[in-house]
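Read through the structure below, which is laid out as structure tokens, and then see the notes.
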Amino acid sequence: LDLTKALAAREPSVADSLVAVGRAVESPGDQVRIFDLVRDAVSKALRGPSPGLLLVDDAHWLDPTSADLLGYLLRRPPLGVLVLATWRAEAFEGLGFDGVSTIVTLKAWDADQTKNALDGLGAEGVDAAEAFRRTGGNPRLVA
7 LDLTKALAAR EPSVADSLVA VGRAVESPGD QVRIFDLVRD AVSKALRGPS
57 PGLLLVDDAH WLDPTSADLL GYLLRRPPLG VLVLATWRAE AFEGLGFDGV
107 STIVTLKAWD ADQTKNALDG LGAEGVDAAE AFRRTGGNPR LVA
């Protein structure tokens with residue numbers, strides 16, 4: 007429902023087509039029809055001269071129906087829209103997205119990469135070895 011609210015706020019003309027979202031799903035066919043409505047609304051709301059971007063961050067927190075919708079959008083992307091989802095690999099194993107998308111696994115930096123990043127950030131006076139020990143090389147924590 008958060009997605010449909012955001013789509014309707016961005017493009018009010020899609021609000022009427024999204025009325026069915028949130029209703030009880032009585033058959034697999036109902037679910038596909040609703041997923042198609044959402045896909046079409048995403049396409050309409052995010053269209054423009056360059057591809058739109060639908061970002062789903064922390065997808066490992068999605069409820070099962072939302073995860074099914076994300077899988078549907080990855081298998082049948084909305085026209086003119088790139089879909090980017092982030093999740094913790096260990097929390098999302100077996101969901102089946104690997105066959106329908108490009109998966110990029112981010113790894114922690116080693117001690118040298120941590121030092122180079124700190125140098126690049128202009129972090130004078132920061133002990134790179136201590137930063138690596140405290141962050142485990144997690145790029146976000148290093149920054």
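Under the numbering used here, the letters of the sequence shown match residues 7 to 149, in that order. Every residue gets a Cβ at the ideal spot worked out from N, C-alpha and C, and that includes glycine. Since this is a predicted model, take the numbers as computed values, not measurements.
Going by beta carbons, Ala65 and Thr92 fall inside the 8 Å limit. Under the Cβ criterion (8 Å, minimum of three pairs), the stretch 40-56 counts as touching the stretch 13-23.
It is roughly 31 Å from the alpha-carbon of Arg16 to the alpha-carbon of Thr111. Within the DSSP bridge table, the entry for Val89 names Leu60 as partners. Inter-residue distance for Trp115 and Ala123 is about 9 Å (C-alpha atoms, whole angstroms).
Within a 10 Å sphere around the beta-carbon of Gly128 sit fewer than 16 other beta-carbons, which makes this residue exposed.
Closest option to Pro83, judged by alpha-carbon separation, among Gly142, Arg94 and Arg45: Arg45. Taking 8 Å as the cut-off, the Cβ atoms of Val89 and Thr120 do not count as close. Closest by C-alpha distance to Leu13, out of Leu60, Leu79, Gly77 and Gly142, is Leu60. In the same chain as Leu76, and ignoring 5 residues on each side of it, the C-beta atoms closer than 7 Å to its own belong to Val62, Ala65, Leu68 and Ala91, in chain order. If you draw a straight line from the Cα of Gln37 to the Cα of Gly86, it comes to about 23 Å.
Ranked by how close their Cα comes to the Cα of Thr71, the residues Ser56, Leu80 and Phe41 have Phe41 in first place. Around the beta carbon of Ala117, fewer than 16 other beta carbons lie within 10 angstroms, which makes this residue exposed.
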